[in-house]
Every structure is written in C-alpha cells, then in structure tokens.
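A.B. asks: Residue numbers (our numbering): 111 to 565.
Beta carbons are placed, not taken as given, at the ideal position from N, Cα and C, and that holds for glycine.
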Amino acid sequence: MTGRTFSPFAADSAVIRMLESRGLTRRDMLAGAAALSLFLAAPPAARAVSPVASRARIVIVGAGAAGLSCAARLKREVVGAEITLIDPRKRHYYQPGFTLVAAGLQPADYVLSSTAEWVPDGVAWIEEAAAEIDPDGRKVVTASGRSVPYDFLIVAAGLTLDFDAVEGFERRLIGRDGVGAVYAGPEEAAATAAEMMRFAERGGVGVFGRPATEMKCAGAPLKYTMIVDDILRTNGTREQSEIKYFAHANALFSVPIVNEKLRMLFDRKGVEVHRSHVLKGIDPVKKLAFFTTPDGTAECDYDFINVIPPMRAPEPVRNSPLPWREGPWANDGWVEVDRHTMRHLRYPEVFAVGDVAGVPKGKTAASVKWQVPVAVDHLVADIAGRESLESYNGYTSCPLITRIGRAMLIEFDYDDNLVPSFPGVVAPLEELWISWLMKKVALKPTYFAMIRGQA
Ligand SMILES: Cc1cc2nc3c(=O)[nH]c(=O)nc-3n(C[C@H](O)[C@H](O)[C@H](O)COP(=O)(O)OP(=O)(O)OC[C@H]3O[C@@H](n4cnc5c(N)ncnc54)[C@H](O)[C@@H]3O)c2cc1C
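Here you go:
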C-alpha cells in the first residue's frame with residue numbers, strides 16, 4: 111500500500127482548504143449552497159393559498175417524506191378536515207443521507223429522527239400498518255383490524271426492498287465478509303461503510319450494480335461506485351483493485367445525455383461495465399455473485415459487494431385494486447395514477463405520491479417535493495368545487511457524487527430534458543464543488559422544510 115488511509119474529515123477539509131485558497135470563506139460556501147438549495151426548495155406553484163373549510167375525512171397511508179409533506183399542506187389548506195396518517199414506523203429516515211453514511215462521511219444517526227416530531231398538530235396518527243386498502247368500500251383496514259373510512263385517500267407508502275429475492279443474501283451478513291447494502295437502513299448503511307473501509311485498505315474486486323425493477327434514487331448505485339473508487343485512490347489501493355459495475359440494461363442511466371457522461375466518467379476511472387446483468391444471488395462463503403444475463407447465468411468473485419435488491423410496492427398496495435393492471439408498472443404493483451395530477455385513473459378520490467406512484471420518472475425526495483403540491487391542490491380543488499390547473503412534469507433530481515468533494519446536479523423531466531434550476535450557475539454535467547456542498551450540507555434542511563410543507 112502506498113497511500114494514506116481515507117479519512118472522511120480530512121477529505122472534506124481538503125475540499126474546503128482548496129476553496130478557501132480561491133478566496134471563498136467557509137461562510138460564503140455554506141451560504142452559497144444553502145441559497146441555491148432554498149431556491150431548489152421554492153414551491154413549484156407560487157400560489158396564494160386561501161384555506162377551504164370542510165369536514166372531509168382524508169386518510170394518508172405512509173408517513174414518510176411524501177405522506178408527511180401531504181399532511182402538513184392539507185392541514186394548512188383545509189380547515190376542519192379529519193386528516194389521518196397511518197404508518198407503524200416510529201423512526202423517520204432521511205434516506206438521501208444513506209449514501210453519505212455508507213461512504214463513512216456521516217454516522218447512522220445523521221439520517222434518524224422520530225416520526226412523531228414531524229406529524230403536524232391536529233393530524234391524527236395511527237401507529238399501525240395498513241393491511242388492506244379497499245377503494246370500492248372507501249376504507250383502509252389496519253393490521254389490528256381497525257377500519258378507517260375515508261372521503262379522500264392518499265397512498266404514500268413508499269416501496270419494499272425485496273432482499274428475499276437475492277438468493278443467499280441475509281441481512282445479518284451486512285457489514286461482514288465483504289457484504290454491504292447501502293439501501294437497507296441507517297445502521298446497515300453504517301455497517302456497509304465499515305466493511306467498505308476494510309476493503310479499501312487492502313483493495314480487491316468491488317462489485318456494484320442495480321436491480322432490474324424500478325428503484326428509488328437510480329443515481330445512488332452509481333455514486334456509491336464512484337465514492338468507493340475515490341476512497342481506494344486516496345488509500346493507494348486502486349491499482350491493485352478492480353471495480354465492476356453491473357448494469358441491468360444496456361445503459362447506465364435512463365437519460366441519454368447523462369448516460370453518455372457516466373459512460374465517459376466510468377471509462378476514465380477504469381470502472382469495468384457489464385451490461386444486461388441482473389444480480390440473482392450471492393454465495394457469501396465463496397464470495398461469488400451470480401447474475402442473470404441474456405446468455406444465461408454469469409458469476410463473478412468479489413471482495414466487496416453492494417447488494418441492492420429488487421423494489422416493489424408494499425404488499426397491501428400490491429394486493430389492492432390500485433396498481434396498474436397492464437404495462438411496465440403492473441408486475442411490481444405501482445399505483446395507477448395520471449402522471450401529471452397523481453390522481454388515480456379509476457378511483458378519482460385516490461391519489462398516490464412518492465415512490466409508490468406508477469409514473470415514468472421519480473422515486474426521489476426531489477420528485478416528492480414537486481408531486482405533493484400538485485396532488486394536494488387537485489384534492490383541495492375537489493373540496494372547494496374548483497378546477498386545479500397544477501401539473502407535475504416529472505421533475506426529478508439527483509446530486510450525483512463523482513468523488514468526495516465533487517458532484518453533478520442532474521435535474522430532468524419526463525421527456526429526459528435536462529431542467530437545471532440554476533442555468534449558467536450550476537452546469538448539470540459538470541463535476542462541481544457547489545453541487546457537492548448542496549448534497550452534503552444543504553439538502554437536509556431542504557428535505558425537512560419539505561416534510562413540514564414549507565417547500
Ligand atoms: C440510498 C438512497 C439514496 C437516496 N438519495 C436521494 C437523493 O440524493 N436525492 C433524492 O431526492 N432522493 C434520494 N433518495 C430517495 C428518497 O429518499 C425517496 O424517494 C423518498 O424518501 C420517497 O418518499 P416516500 O414518502 O415515497 O417513501 P418513504 O420516505 O420511504 O416513506 C414511506 C412510508 O410508508 C410507510 N409504509 C410502508 N408500508 C406501509 C403500510 N402498509 N402501511 C402504512 N405505512 C406504510 C413506511 O413505514 C414509510 O414511513 C434516496 C434513497 C435511498 C434509499
């Protein structure tokens with residue numbers, strides 16, 4: 111080994127020192143990132159809200175990013191309504207921070223808070239799972255059998271990580287024998303960081319990739335690959351290592367221009383790309399990964415692997431009449447909504463927002479921020495007897511970390527257009543420190559403003 115061991119704090123300090131040498135103070139940097147981030151956080155429709163009065167029963171299944179954000183906005187916009195959140199999870203996860211935890215840049219508790227902290231005053235919270243959703247009977251039945259009737263329903267139940275679909279994988283393996291799983295949860299992301307650091311000290315074969323299903327934050331598998339590549343370089347172990355990325359399809363990313371940029375970046379970094387390979391299972395004893403390919407099963411040995419499982423709508427949603435019945439989103443149970451209004455196509459009093467929605471793009475907190483005001487406005491318009499003209503254009507964004515201290519702020523819509531929030535200031539396909547600072551420093555307050563219904 112020729113280099114020094116990666117230290118997250120040293121890495122951050124190095125970036126800050128470099129920026130200071132260009133005449134920027136720390137305060138300038140933070141203020142710049144925060145200002146840009148607040149701009150990103152501006153409500154999509156700068157509409158003056160006059161609350162409407164109603165005794166409507168509004169039930170929201172899921173109190174994560176989307177459900178809480180809906181509850182906060184509805185509480186403000188509808189006076190007298192009976193708003194009920196249903197969710198068994200007491201811990202709230204700031205999931206965009208999982209990558210930073212898995213990189214060793216933040217501890218697990220960086221992404222943790224309590225759900226209770228974010229439930230708006232005057233909104234009821236049933237701390238149970240929804241077991242059955244019955245849109246014909248306009249009710250939700252909880253795990254204990256309690257029936258909760260509604261006039262309007264918002265499905266915001268996120269998605270399920272189907273780790274059982276990865277043969278040989280067990281959660282208890284995370285953080286041991288070269289197994290990592292960034293998506294699995296806060297503690298698992300921290301265990302992944304510890305195991306990844308052990309790998310990065312010696313080097314070896316690092317295996318990365320993504321599932322073939324729809325997934326949340328499709329940029330995360332790619333950024334984690336580049337983060338590990340960077341840490342190996344800092345440690346001086348990159349030359350004795352191989353980094354392999356297994357793409358489920360022919361492309362690395364669904365937006366063509368971003369895909370081309372990533373292809374060039376991976377090429378430059380010496381990341382070996384295998385296309386049309388989907389992780390089928392692992393042998394944790396022999397440290398082998400198995401992939402389904404068009405030519406049969408392929409195998410690859412690993413010293414470190416980041417396992418990302420297939421993702422599906424939660425079971426009660428899948429078992430309800432709400433999912434698409436045909437097309438690309440039918441199999442995994444994504445909810446059949448209009449892509450511009452988030453309103454169900456067969457049950458007009460039902461909306462779906464966030465990861466569970468069956469729309470072509472999204473599954474990021476950034477898309478939640480733009481979907482929620484639209485869905486809420488359509489719901490409130492129904493109550494007020496007016497027409498809503500709000501429309502969601504598929505906006506999704508991802509600060510794609512390319513190395514510690516650099517990121518590309520990729521923003522795009524349903525039509526794969528790049529829709530930069532700061533044209534001329536933040537170039538989407540450039541690896542910039544400001545985009546890094548936005549991910550590292552400014553996105554968390556923006557996220558919490560969103561779940562308070564203020565962004
Ligand atoms: C590793 C990683 C990196 C990411 N990076 C980014 C990023 O850089 N930028 C970005 O914008 N986004 C990112 N995301 C994605 C973002 O966090 C999610 O898209 C966002 O949290 C989705 O919000 P949601 O409300 O739909 O789902 P969640 O926030 O997951 O909430 C779903 C809620 O539904 C509840 N629920 C599930 N089933 C039931 C049931 N049966 N009954 C009642 N409640 C139920 C759950 O308990 C949970 O509280 C990342 C995610 C991960 C995992």
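Is V221 closer than 8 Å to P616 when the C-beta atoms are compared?
C.D. replies: What the structure shows of the chain is the stretch from 111 to 565, and residue 616 is not part of that stretch, so it cannot be assessed.
A.B. asks: Can you tell me whether C180 sits near ligand 1, meaning its C-beta is under 7 Å from at least one heavy atom of the ligand?
C.D. replies: Numbered from 1 along the sequence shown, position 70 holds the residue referred to as residue 180. Not under cutoff, so the answer is no.
A.B. asks: Given this structure, state the Cα-to-Cα distance separating D492 from G172, to the nearest angstrom.
C.D. replies: Locating residue 492 in the sequence shown gives position 382, counting from the first residue. Locating residue 172 in the sequence shown gives position 62, counting from the first residue. Taking the straight line from one Cα to the other gives about 22 Å.
A.B. asks: Opposite D244 in the DSSP bridges: which residues?
C.D. replies: As a first step, residue 244 must be located in the sequence shown, where it is residue number 134. According to DSSP, D244 bridges with K249.
A.B. asks: Are the beta-carbon atoms of R449 and V469 separated by less than 8 Å?
C.D. replies: Numbered from 1 along the sequence shown, position 339 holds the residue referred to as residue 449. Numbered from 1 along the sequence shown, position 359 holds the residue referred to as residue 469. It is a contact, given that the beta carbons lie within the stated cut-off.
A.B. asks: Using the beta-carbon count (16 or more within 10 Å), is K471 buried or exposed?
C.D. replies: Locating residue 471 in the sequence shown gives position 361, counting from the first residue. With 16 or more Cβ atoms within 10 Å of its Cβ, K471 is classed as buried.
A.B. asks: Tell me the residue span of the beta strand (DSSP E) that contains S179.
C.D. replies: Taking the sequence shown and counting its residues from 1, the one referred to as residue 179 is at position 69. Counting along the chain, S179 falls outside any beta strand (DSSP E), though it belongs to the alpha helix (DSSP H) covering A175 to E187.
A.B. asks: If I follow the unbroken alpha helix (DSSP H) through K479, where does it start and stop?
C.D. replies: The sequence position of residue 479 within the sequence shown is 369, counting from 1. Residues A475 to A494.
A.B. asks: Can you give me the Cβ contacts of P420 inside the same chain, cut-off strictly under 6 Å, excluding the 5 residues immediately before and after it?
C.D. replies: For the purposes of this step, residue 420 is taken as the residue at position 310 of the sequence shown. For P420, where only same-chain residues beyond five positions count, the Cβ hits under 6 Å are D272, A275, P321 and T323.
A.B. asks: Go ahead and label R348 buried or exposed: buried means 16 or more other beta carbons lie within 10 angstroms of its beta carbon, across all protein chains shown.
C.D. replies: Counted from its first residue, the sequence shown places residue 348 at position 238. Buried is the call here.
A.B. asks: Going by beta carbon distance, what residues of the same chain come within less than 6 Å of K550, once the five residues before and after it are set aside?
C.D. replies: For the purposes of this step, residue 550 is taken as residue 440 along the sequence shown, with counting starting at 1. Hits under 6 Å: none found.
A.B. asks: Could you name each continuous beta strand (DSSP E) segment of 3 residues or more that falls completely within the region 198-277, going from the start of the chain to the end?
C.D. replies: 201-203, 222-224, 234-236, 240-244, 249-252, 257-259 and 262-265
A.B. asks: Name the two residues that bound the continuous alpha helix (DSSP H) containing V342.
C.D. replies: Locating residue 342 in the sequence shown gives position 232, counting from the first residue. The amino acid at residue 342 is misidentified as Val; the sequence shows Leu. Counting along the chain, the alpha helix (DSSP H) containing L342 begins and ends at A330 to N345.
A.B. asks: Cutting at 6 Å between CB atoms, please list the residues of its own chain near D393, excluding the five before and the five after it.
C.D. replies: Mapped onto the sequence shown, residue 393 falls at position 283. Hits under 6 Å: G278.
A.B. asks: Taking the Cβ atom as the reference point for each residue, do A476 and Y505 lie within a distance shorter than 8 Å?
C.D. replies: As a position in the sequence shown, residue 476 is number 366, starting the count at 1. As a position in the sequence shown, residue 505 is number 395, starting the count at 1. Yes, these two residues count as a Cβ contact at 8 Å.
A.B. asks: Taking the alpha-carbon positions, what's the Q350 to L547 distance?
C.D. replies: Locating residue 350 in the sequence shown gives position 240, counting from the first residue. Locating residue 547 in the sequence shown gives position 437, counting from the first residue. Approximately 31 Å between the Cα atoms of the pair.
A.B. asks: Are the beta-carbon atoms belonging to V463 and V482 less than 8 Å from one another?
C.D. replies: The residue given as residue 463 occupies position 353 in the sequence shown. The residue given as residue 482 occupies position 372 in the sequence shown. Closer than 8 Å, so yes.
A.B. asks: Quick test of the definition: if touching needs 3 or more C-beta pairs under 8 Å, does the region 384-400 touch the region 352-366?
C.D. replies: yes
A.B. asks: Any idea which residues DSSP pairs P433 with across the strands?
C.D. replies: Here the question's residue 433 lines up with position 323 in the sequence shown. For P433, which the question treats as bridged, DSSP gives the partners V445.
A.B. asks: How many angstroms separate the CA atom of D261 from the CA atom of Y204?
C.D. replies: Taking the first residue of the sequence shown as 1, we reach residue 261 at position 151. Taking the first residue of the sequence shown as 1, we reach residue 204 at position 94. Cα-Cα distance, rounded: 30 Å.
A.B. asks: Just how far apart, CA to CA, sit E192 and R248?
C.D. replies: Counting from one through the sequence shown, the residue named residue 192 turns up at place 82. Counting from one through the sequence shown, the residue named residue 248 turns up at place 138. Answer to the nearest angstrom: the Cα atoms are 15 Å apart.
A.B. asks: Between P366 and the rest of its own chain, which residues show a CB-CB distance below 7 Å, the 5 nearest in sequence each way excluded?
C.D. replies: The residue you call residue 366 lines up with position 256 of the sequence shown. Closer than 7 Å at Cβ, skipping near neighbours: D526.
A.B. asks: As an exercise, report each continuous beta strand (DSSP E) stretch of at least 3 residues that is fully enclosed by the region 511-539, in chain order.
C.D. replies: 516-522
A.B. asks: Between the Cα of V536 and those of A182, G391, R516 and P555, spot the shortest distance and give me the residue it belongs to.
C.D. replies: By one-based count along the sequence shown, residue 536 stands at place 426. The shortest C-alpha separation from V536 is found at R516.
A.B. asks: What first and last residue would you give for the alpha helix (DSSP H) that runs through R428?
C.D. replies: Indexing the sequence shown from 1 puts residue 428 at position 318. Its alpha helix (DSSP H) spans residues E425 to R428.
A.B. asks: Thinking C-alpha only, which one of I264, P245 and A241 is nearest G255?
C.D. replies: Locating residue 255 in the sequence shown gives position 145, counting from the first residue. Closest in C-alpha terms to G255, from the list I264, P245 and A241, comes A241.
A.B. asks: Is G174 near ligand 1, judged by its Cβ being under 7 Å from some heavy atom?
C.D. replies: Against the sequence shown, residue 174 aligns to sequence position 64. Within 7 Å of the C-beta of G174 there is at least one heavy atom belonging to ligand 1.
A.B. asks: Quick check: what's the CA-CA separation for L519 versus T474?
C.D. replies: Within the sequence shown, numbered from 1, the residue matching residue 519 stands at position 409. Within the sequence shown, numbered from 1, the residue matching residue 474 stands at position 364. Approximately 13 Å between the Cα atoms of the pair.
A.B. asks: Could you name the residues that DSSP lists as bridge partners for D377?
C.D. replies: Start at 1 with the first residue of the sequence shown, and residue 377 comes out as number 267. Looking at the DSSP assignment, D377 forms no beta bridge with any residue, so it has no partner.
A.B. asks: Indicate, with yes or no, if ligand 1 has a heavy atom lying under 7 Å from the CB of G563.
C.D. replies: Working through the sequence shown from its first residue, we reach residue 563 at position 453. Every heavy atom of ligand 1 is 7 Å or more from the Cβ of G563, so no.
A.B. asks: Who are L398's beta bridge partners in DSSP?
C.D. replies: The sequence position of residue 398 within the sequence shown is 288, counting from 1. The partner list for L398 (beta bridge, DSSP) reads D393 and D411.
A.B. asks: Whole angstroms are fine: how far does the CA of L398 sit from the CA of P404?
C.D. replies: Within the sequence shown, numbered from 1, the residue matching residue 404 stands at position 294. Within the sequence shown, numbered from 1, the residue matching residue 398 stands at position 288. Their Cα atoms are separated by approximately 19 Å.
A.B. asks: Less than 7 Å separating the Cβ of T474 from some heavy atom of ligand 1?
C.D. replies: Position 364 of the sequence shown, counted from the start, is the residue given in the question as residue 474. The closest heavy atom of ligand 1 lies less than 7 Å from the beta carbon of T474.
A.B. asks: Between A294 and V211, which are expected to be in contact by the criterion C-beta below 8 Å, what is the C-beta distance as a whole number of angstroms?
C.D. replies: In the sequence shown, counting from the first residue as 1, residue 294 sits at position 184. In the sequence shown, counting from the first residue as 1, residue 211 sits at position 101. Incorrect: roughly 11 Å between the Cβ atoms, too far for contact.
A.B. asks: Would you check whether ligand 1 has a heavy atom nearer than 7 Å to the C-beta of C508?
C.D. replies: As a working note, residue 508 is residue 398 in the sequence shown. Relative to the non-hydrogen atoms of ligand 1, the Cβ of C508 comes within a distance shorter than 7 Å of at least one.
A.B. asks: Assuming K333 and C410 are in contact, meaning their beta carbons sit under 8 Å apart, how far apart are those beta carbons, in whole angstroms?
C.D. replies: Here residue 333 refers to the residue found at position 223 of the sequence shown. Here residue 410 refers to the residue found at position 300 of the sequence shown. The beta carbons of K333 and C410 sit about 21 Å from each other, so the pair does not count as a contact at 8 Å.
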